[in-house]
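> If you're matching positions, the sequence shown starts at 2 in the working numbering and goes up one per residue.
Glycine included, every Cβ here is placed at the ideal spot set by N, Cα and C.
Below is a structure I'd like to ask you about.
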Amino acid sequence: PKGVGVPHRAVSRLVLETDYAHFGPEEVWLQLAPISFDASTLEVWGALLHGAKLVVYPAGMPSLEELGRILVESGVTSLWLTAGLFEQMQAQQPEALGKVRQVLAGGDVLPVGRVRERLASGGVLINGYGPTENTTFSTCYRMEKVEQVGATVSIGRPIANTTAYVLDEQMQPVPVGVPGELYVGGEGLAVGYVGQPELTAERFVPHPFSGKPGERLYRTGDVVRYLPGGELEFIGRRDAQVKIRGFRIELGEVEAALAQHPAVSAAAVVVREDVPGNKRLVAYVVPEPARDADAAVLRTFLKERLPEYMVPAAFVSMEVLPLTPNGKVDRRALPAPEEAQAGAEASFVAPRSPGEELVAGIWAQLLGVAKVGVHDNFFELGGHSLLAMQVLSRLRETFRVELPVRSLFEAPTVAGLARSIESALEGQQGLLAPPLVVVPREGEMPASFAQQRLWFLEQFQPGGSTYNVPMVMHLRGRLDVAALERSLRELIQRHETLRTTCASPGGRVVQVISPEVSLELEVEELKGLAAPEREAEARRRAREEAQRPFELSRGPLLRAKVLRLEREEHVLVLVMHHIVTDGW
Numbered sequence: 002p003k004g005v006g007v008p009h010r011a012v013s014r015l016v017l018e019t020d021y022a023h024f025g026p027e028e029v030w031l032q033l034a035p036i037s038f039d040a041s042t043l044e045v046w047g048a049l050l051h052g053a054k055l056v057v058y059p060a061g062m063p064s065l066e067e068l069g070r071i072l073v074e075s076g077v078t079s080l081w082l083t084a085g086l087f088e089q090m091q092a093q094q095p096e097a098l099g100k101v102r103q104v105l106a107g108g109d110v111l112p113v114g115r116v117r118e119r120l121a122s123g124g125v126l127i128n129g130y131g132p133t134e135n136t137t138f139s140t141c142y143r144m145e146k147v148e149q150v151g152a153t154v155s156i157g158r159p160i161a162n163t164t165a166y167v168l169d170e171q172m173q174p175v176p177v178g179v180p181g182e183l184y185v186g187g188e189g190l191a192v193g194y195v196g197q198p199e200l201t202a203e204r205f206v207p208h209p210f211s212g213k214p215g216e217r218l219y220r221t222g223d224v225v226r227y228l229p230g231g232e233l234e235f236i237g238r239r240d241a242q243v244k245i246r247g248f249r250i251e252l253g254e255v256e257a258a259l260a261q262h263p264a265v266s267a268a269a270v271v272v273r274e275d276v277p278g279n280k281r282l283v284a285y286v287v288p289e290p291a292r293d294a295d296a297a298v299l300r301t302f303l304k305e306r307l308p309e310y311m312v313p314a315a316f317v318s319m320e321v322l323p324l325t326p327n328g329k330v331d332r333r334a335l336p337a338p339e340e341a342q343a344g345a346e347a348s349f350v351a352p353r354s355p356g357e358e359l360v361a362g363i364w365a366q367l368l369g370v371a372k373v374g375v376h377d378n379f380f381e382l383g384g385h386s387l388l389a390m391q392v393l394s395r396l397r398e399t400f401r402v403e404l405p406v407r408s409l410f411e412a413p414t415v416a417g418l419a420r421s422i423e424s425a426l427e428g429q430q431g432l433l434a435p436p437l438v439v440v441p442r443e444g445e446m447p448a449s450f451a452q453q454r455l456w457f458l459e460q461f462q463p464g465g466s467t468y469n470v471p472m473v474m475h476l477r478g479r480l481d482v483a484a485l486e487r488s489l490r491e492l493i494q495r496h497e498t499l500r501t502t503c504a505s506p507g508g509r510v511v512q513v514i515s516p517e518v519s520l521e522l523e524v525e526e527l528k529g530l531a532a533p534e535r536e537a538e539a540r541r542r543a544r545e546e547a548q549r550p551f552e553l554s555r556g557p558l559l560r561a562k563v564l565r566l567e568r569e570e571h572v573l574v575l576v577m578h579h580i581v582t583d584g585w
């Protein structure tokens, strides 16, 4: 869709003088991919440039039975399938797929169970990874034995005439086992996006480790890490990384953990916001034949392997995952979880008392479910700590009782929480929350526990930038620098925490709130550079600003810089120390 310009040499590099798969005149390839899909490049030229037979399937998506029949009737020996189509064929047409000598699959994470089934039957399976921008495959992992498969399926090593680097946010190599973004290049690299020079400059970046003028790498946006043996493991998309309740979550990591359960054939995890303001993880699971992928069992299984915040709130069982015309999982077509699947109890027990009825009503409204039973678990219905605070606030207004936050964690069912409320009322606890009182700003202000911790770490290892919080914004249009500077100063004057520093008189860590702090907005000119150099220089200076340390005893612990790229194009860099927000 973005219009990737692929040169002929990139196609030659994909199928000539390479060893990730066997190419030769004796092969029979099936041309199944849509002609606009980059996998067709492999199918067509992998056959024709070696004098092999190419079986062209008619336009349109075949049924699994039709595909199985054409594989057998045409004697197909080499086949490319998307990960989703491979999973379905291995599950429902294993005999037909078993007659294909080498199967290449990819485009998404391969299901471990199906991969092992394929290898146990004696066939070759090649996990092919790569974006269109590097011509179909960048890395491949050829598998012939079940022992080659671990908890996930590796994406292998770069194919011939291809380079791959795993880099951090500063575009520096990361150690083995540490996640980083994958950058690829070599003879397969596209010339860029047709008619989109800005997008090309953003994704095709200067090669930081090459002395060859003009050489570039493509930023895949994929997060990977090196395995001890030198192969690469795919973790997930950077843009598939989601943030729920302050936690950053890789959806691919949750899917990989789910796929390890023996009752799961395939899985997809998405973020849904069926109730405005309430984001939650939902898992869609295809069970193995004659197996029951029970939600409670899967939830327990994931809790043993993942942090609590990464465990989906709802599990939906499906016969198959919907696929796009290109054979990838169609996440937009995944249905909203039904109420029965979101619940933790198979049997519904209605509230039995006015108290339970009121509690269940509050839960139903906040969680966005039609009904809540007395034995339903708040957190298994999709609740979390932020919603727990809202629940307690509603209970406070309804029952005129003050409950600690831990009460909902200790009694997470309607019945249990209703009993806690009754006990509090019987004990005449009532509203015990003390009123909020403004503390005088004269004298020393005690630091928060988080501030004390950060102060100690700074004394232990001074001059670090680990706790710097950078923000970078690309601004288009006319920028009034003076007005921006005044606005930032007003913000600092309005919020005490932005005028806060720390000190340690007598060994005690205290907050110091200055009555006034001056902020100087620095402006740097980059207009004299060419567009690609300008973008690279802006990134370099933004990284440099983000890594510059603060002195915690001197303010402000916030700084700003404007990088002027063009007359109406700027980059605003804001950096704040974490100790500022920890004072709230």
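1) For V179, count the other beta carbons within 10 Å of its own beta carbon; 16 or more makes it buried, fewer makes it exposed. Which is it?
2) Identify whether S505 lies in helix, strand or coil by the three-state DSSP scheme.
3) Please look up how many angstroms separate the CB atoms of E182 and G222, rounded, as I've assumed it's under 8 Å.
4) Can you give, in chain order, each stretch of the alpha helix (DSSP H) that sits fully within the region 95 to 155 and has at least 4 residues?
5) Along the beta strand (DSSP E) that carries F316, what are the first and last residues, could you check?
6) Is it right to say M311 is buried, meaning 16 or more other beta carbons lie within 10 angstroms of its own, or is it exposed?
7) G417 to L455, Cα distance in whole Å?
8) Given a cut-off of 8 Å on the beta-carbon distance, is the pair L527 and E538 in contact?
9) Taking the CB atoms as reference points, tell me whether A106 and L68 lie closer together than 8 Å.
10) Determine, using beta-carbon pairs with one atom in the region 202 to 216 and one in the region 511 to 524, whether at least three such pairs fall under 8 Å.
11) Considering only the beta carbon of each residue, do V77 and V113 sit closer than 8 Å?
12) Which whole-angstrom value is the C-beta distance of R565 and V524, which I expect to be below 8 Å?
13) Hey, which unbroken runs of the alpha helix (DSSP H) at 4 residues or more fall wholly within the region 431 to 477?
14) At which residues does the alpha helix (DSSP H) containing R238 begin and terminate?
15) Spatial neighbours of E340 within its chain, please: C-beta separation below 6 Å, excluding the five flanking residues on both sides.
16) Please confirm whether V592 and H571 have their CB atoms less than 8 Å apart.
17) For A351 versus V415, is the C-beta spacing smaller than 8 Å?
18) Where does the unbroken beta strand (DSSP E) through T221 begin, and where does it stop?
19) Could you check if W585 is buried or exposed, using at least 16 other CB atoms within 10 Å of its CB as the buried criterion?
20) Among the residues of its own chain, which have a CB less than 8 Å from the CB of G124, if the five just before and after it don't count?
21) Starting from M172, trace the beta strand (DSSP E) in both directions and tell me its first and last residue.
22) DSSP three-state label for A365, please.
23) Please say whether G6 and A191 have beta carbons closer to each other than 8 Å?
24) Quick check: K54 and V73, are their CB atoms within less than 8 Å of each other?
25) Can I156 and T140 be called in contact, C-beta distance under 8 Å?
26) Between L553 and C503, which are expected to be in contact by the criterion C-beta below 8 Å, what is the C-beta distance as a whole number of angstroms?
27) Quick one: residues in its chain with C-beta nearer than 6 Å to the C-beta of E486, no 5 flanking neighbours on either side, listed in chain order?
28) Between L409 and S354, what straight-line distance do the alpha-carbon atoms span, to the nearest angstrom?
29) Examine the Cβ distances between the region 291 to 309 and the region 323 to 337 and report whether three or more of them are shorter than 8 Å.
30) Flag this pair as yes or no: are the beta carbons of V110 and F235 separated by less than 8 Å?
31) So, at 7 Å on beta carbons, what are the nonlocal neighbours of D331 in its own chain, with the 5 sequence-adjacent residues on each side left out?
32) In this structure, what does DSSP give as the bridge partners for N378?
33) Return the first residue and the last residue of the beta strand (DSSP E) that Q32 is part of.
34) DSSP beta-bridge partners for T163?
35) If I measure Cβ to Cβ from T19 and keep anything under 6 Å in the same chain, skipping five residues before and after, which residues do I get?
36) On a Cα-Cα basis, can you pick out the residue from S424, I363, P313, Q391 that is closest to E381?
Working from what's here:
1) exposed
2) DSSP places S505 in coil when its eight states are reduced to three.
3) 7 Å
4) List check, alpha helix (DSSP H) in window: 95 to 99, 113 to 121.
5) Note, F316: beta strand (DSSP E), 315 to 318.
6) Flag for M311 reads buried.
7) 39 Å
8) At a Cβ-Cβ threshold of 8 Å, L527 and E538 count as neighbours.
9) no
10) Look at the beta carbons and you see the region 202 to 216 not touching the region 511 to 524: under three pairs across the two are nearer than 8 Å.
11) no
12) A Cβ-Cβ separation of about 6 Å places R565 in contact with V524 under the 8 Å criterion.
13) Whole alpha helix (DSSP H) segments, 4+ residues: 450 to 461.
14) Unbroken run through R238 is the beta strand (DSSP E), 233 to 238; no alpha helix (DSSP H).
15) Unreliable placement is indicated for E340, whose pLDDT of 44 sits below 50; the coordinate value is still reported in the next sentence. Taken in chain order, the residues that qualify are V370, A371.
16) What is shown of the chain runs 2 to 585, which leaves residue 592 out entirely.
17) no
18) 217 to 227
19) Summary for W585: the model assigns pLDDT 49, below 50, so the residue's position carries little reliability, and this model does not support an answer.
20) L98, G99, V101, R102, Q103, V104
21) Per DSSP, M172 belongs to no beta strand (DSSP E) and is neither H nor E.
22) helix
23) yes
24) With contacts defined by Cβ atoms closer than 8 Å, K54 and V73 do not form a contacting pair.
25) yes
26) 5 Å
27) L522
28) 19 Å
29) Too few Cβ pairs lie closer than 8 Å, so no.
30) Yes. Within cutoff.
31) Close CB contacts of D331 within its chain, under the 7 Å cut and outside five residues either way in sequence, are with P323, L324, T325 (chain order).
32) T414
33) 29 to 32
34) G187
35) I160, A161
36) P313
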